[in-house]
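Below you'll find the structure, written out as structure tokens, and then a few comments.
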Amino acid sequence: MPEPAPTPDLVAALVAKAHHVWRETLRIHRRAPETRLASSLSAVEIFVTLYYGGLVRTNPANPFDPERDRCIISKGHGSICMYPILADLGFFPAAELERVCQAGSFLGGIPDPVIPGYETVNGSLGHGLGVGAGIALALSRKASTRSVFVVCGDGELHEGANWEAAMFASQHRLDHLNLIVDDNRISMLGRTDDIVTLSPLRDRLASFGWDCVEVDGHDVAALLAALRDLKARHAGQPKALIARTLKGRGVPGLEDMPLSHVMNPPPAQIDAILAAPEGGGDA
Amino acid sequence: MKPQPPTPRPRPMRDALLERIAEAMDHDPALFFVSADFGSPVLDRIRARHPDRFVNVGIAEQNLINVSAGLALEGYTVFAYAIAPFLTMRCFEQIRVSLALLSTVRPMNVNLVGVGAGFSYVVSGPTHQCYEDLTLMRALPNMTVYSPADHATAAGLFDACVDRSGPKYLRLDAQPLPPLHPEAAPLPPGGFYTLRPGRDLCFVATGYMVHTALRVADRLEAEGIAAAVVDLFDLSGFDAAALCARMSASRAVVSLEEGFRGRGGLDALLFDLRARHALTQPMLNLGVEGGYRFELGSRQELHEQVSIGEQAVTARVRAFVGDRQQD
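Going line by line, the protein sequences match chains G and L. Going by my numbering, the letters in the first sequence line up with residues 103 to 385, in that order. Going by my numbering, the letters in the second sequence line up with residues 17 to 343, in that order.
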């Protein structure tokens, strides 16, 4: 897939796509309240930019095409917004979106790699970066130019295995490895700063040898520019983009609430949002 | 591998296996070796000759597994090498998620090579000793579990590691053990050797305990008790019918393992086998008893303390057979 130029048109198209994905994610959650809504809404623009902005090269007809870029979705349960994206890209029929969490569907409350387009198991947190580092090492040994993206939440960085992998990636100069942190600053029981702070995350990753940038994770234009720059950089360092986001973004009563991870908006509220002409939110 | 004359001297299992790996890496670019800062002289050869396909992740077993998983997803056949308790327990969830679960849906070949079965790190204490690994690895339904009793078997397992996809665990003794089987001979397809026949009872042992079973069988023979000895080295893919036939040829079965008794290891395997195949012989299960211990002593002394030493096993089996004869 050739990379489209970063024109204002592309940015506008990404904004429209993000809005659509945001609505579809709400729609899925309305049908399947077992899904994690808030942590999926914080990552909408991240995934839309990765998958529609020419960053993650995919081949829906052959999901394990060796020429694809590998995108490891480490924040497994917080990626329900990937369902409409993968359906739209043609990984599976859009009709499957009607069956999330139903018997016989492969679209569960937590995504698993039985879903076309998912690479690894990430229902358990903190595994994506290590596996992604192993993939990046393999690709470098094979002189492949494909990129590896790992999308994780900030909360899962409490898992120490991430930091083992972070040291490893810089030691081996895995400069095709790109980590995107959905930095919504909230895990299940509250704000990460009140639990065990990860601040200053950028400095911490940098001290582990990573090339880090930080952007507004809901600003598609900023994400697109930063991710393109990140993907193109091959200077002997792994790279990280810290995306400042809001958990539950765009849903009043949910957005940035410390317990948003386990909060479900009332069905009537979701219905009202989806019934509004512009669909609510400002994604 | 070039055929070599049998060598009677004790050899570490890891040397024999690593030699096979080192040799294969010279001509097979799909092999990758990952260590958690654990080495051996033979490993130095791999490090020197294949720096591009040897990686030391440091003292970081969680990352060892996840990096190995990533390499395997890209088509490498991976050997992940560490001390057995750390390789199986420090990173059990990585093994479960990134190897056992993931290999259910994606082709992967990762071979976990753990050194230090049972009490084989004799003076290092319970952190480095390993009595739970068979239980844990057996708990994963698609994990192949190998537990060789000598270096020839360990070397022979290399072929299965390369030829068979999926996650595997190789439980290797840390000490040089006397050879039991000819070198460079194909392994028996049923996953076990019958080292001696015996109609009174059948030892089913694994790893180091095969050597103990052989010594006990000699003792019992002098007392008129004929004991068969089975060396079960494949705890997941063995030929169940053949093993049942072997066990049924004796009047009783004795399981013998260098792991906690009654906690899901070899004894549980045999209980399940017996139930599935409706075998009726009595069975005695011998394994480590009494929980964790910090005593120092020779391996034989430690084994006597936890009821798996030669004398302890002889006494238990003698009583077991005597009880049966009185019935």
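Just so you know, even glycine gets a beta-carbon here, dropped at the ideal spot from N, CA and C.
Whole-Å CB distance - G:Asp358 paired with G:Gly352, under 8 Å assumed | Not really, about 11 Å apart at Cβ, beyond 8 Å.
Just grab the DSSP bridge partners of L:Val220 for me.
-> L:Val246, L:Ser271
Kindly list the residues whose CB is nearer than 6 Å to the CB of G:Met103, restricted to its own chain and excluding five residues on each side of it in sequence; keep chain order.
-> Any reading at G:Met103 must be qualified, since the residue scores a pLDDT of 46, below 50, and its modelled position is unreliable; the value itself is stated next. The answer, listed in chain order, is Arg159.
Can you tell me whether L:Arg112 is buried or exposed, with buried defined as 16 or more other CB within 10 angstroms of its CB?
-> buried
Could you check what DSSP says for G:Asp123 in three-state terms: helix, strand or coil?
-> According to the sequence as given, residue 123 of chain G is Val; it is not Asp. In the structure shown, G:Val123 sits in a helix (DSSP, three-state: H, G or I).
Can you say whether L:His43 is buried or exposed, counting buried as having 16 or more other CB atoms within 10 angstroms of its CB?
-> Exposed.
Closest residue to G:Leu343 among G:Asn161, G:Pro108, G:Leu376, G:Asp305 (Cα-Cα distance) | G:Asp305
Three or more C-beta pairs below 8 Å linking the stretch 185-196 of chain G and the stretch 149-166 of chain G = The stretch 185-196 of chain G makes contact with the stretch 149-166 of chain G: 3 or more CB pairs, one atom from each, lie closer than 8 Å.
Please determine, among L:Arg65, L:Ala64, L:Val83, the residue with the shortest C-alpha to C-alpha distance to L:Val73.
-> L:Val83
Alpha helix (DSSP H) segments (min. 4 residues) lying fully within the stretch 32-72 of chain L = You should have 57-65.
6 Å Cβ shell around G:His179 - same chain, five flanking residues per side excluded = Listed in chain order, the non-local C-beta contacts of G:His179 below 6 Å within the same chain comprise Arg138, Ile212, local neighbours out to five positions each way being set aside.
Could you check how far apart the C-beta atoms of G:Ser176 and G:Gly230 are, in whole angstroms? I think they sit under 8 Å.
-> 2 Å
Find the residues of chain L that neighbour G:Leu239, judging by a C-beta separation of less than 8 Å, and give them in chain order.
-> Val71, Val83, Gly86, Leu87
Is there at least one non-hydrogen atom of the ligand ZN closer than 7 Å to the beta-carbon of G:Glu198?
-> No copy of the ligand ZN occurs in the structure displayed, which carries no ligand at all.
CB contact check: G:Arg243 to chain L, cutoff 8 Å = At least one C-beta of chain L is nearer than 8 Å to the C-beta of G:Arg243.
Closest Cβ-Cβ distance between G:Val216 and chain L: below 8 Å?
-> yes
With a threshold of 16 other CB atoms inside 10 Å of the CB of L:Leu236, please say whether the residue is buried or exposed.
-> Flag for L:Leu236 reads buried.
If you measure from the beta carbon of L:Arg122 to each beta carbon in chain G, is any gap under 8 Å?
-> yes
Helix, strand or coil for G:Pro186, going by three-state DSSP, please let me know.
-> helix
Who are the Cβ neighbours of G:Gly210 in its own chain at under 7 Å, not counting the five residues just before and after it?
-> Cys203
Among residues of its own chain, excluding the 5 on either side of G:Asp384, which ones have a beta-carbon nearer than 7 Å to its beta-carbon?
-> Low per-residue confidence applies at G:Asp384: pLDDT is 49, beneath 50, and the placement is therefore not dependable, though the value from the model is reported in the following sentence. Around G:Asp384: Gly352.
Within its chain, find whatever has a CB closer than 7 Å to the CB of L:Phe219; leave out the 5 residues flanking it on each side and keep chain order.
-> Ala229, Ala233, Ala243, Ala244, Val245, Val246, Val270, Leu272
Is the Cβ of L:Glu320 closer than 8 Å to any Cβ of chain G?
-> no
Could you check which residue in L:Ala52, L:Gly206, L:Arg267, L:Ile75 has the C-alpha nearest to that of L:Asp255?
-> L:Gly206
Residues from the stretch 101-130 of chain L in contact with chain G, defined by Cβ distance under 7 Å = Glu109, Gln110, Val113, Ser114, Leu117, Leu118, Val121, Arg122
Take L:Ala64 as the anchor and find which of L:Ala52, L:Ala76, L:Glu39 has the nearest alpha-carbon.
-> L:Glu39
Measuring CA to CA, which of L:Ala46, L:Gln191, L:Leu193 is closest to L:Gly91?
-> L:Ala46
What are the partner residues of L:Pro183, as DSSP defines its beta bridges?
-> Per the DSSP secondary-structure output, L:Pro183 pairs in a beta bridge with L:Val126.
Straight-line Cα distance separating L:Thr296 from G:Ser246 | 59 Å
Report the residue from L:Ile241, L:Phe135, L:Gly223 whose alpha carbon sits nearest the alpha carbon of L:Ala168.
-> L:Gly223
Return no unless some Cβ of chain G is closer than 8 Å to the Cβ of L:Asn158.
-> no
Presumed contact (8 Å Cβ cut-off) between G:Pro369 and G:Leu356, rounded CB distance | 13 Å between Cβ atoms; not a contact.
Grouping DSSP H, G and I as helix and E and B as strand, with all else coil, what is L:Arg112?
-> Residue state for L:Arg112 is assigned as helix, using DSSP reduced to three classes.
Alpha helix (DSSP H) runs contained entirely in the stretch 255-317 of chain G, provided each spans 4 or more residues | 263-273, 294-297, 303-309
Contact with chain L by G:Asp384, beta-carbon distance below 8 Å = Its pLDDT being 49, under 50, G:Asp384 is placed unreliably in this model, and the coordinates cannot settle the point.
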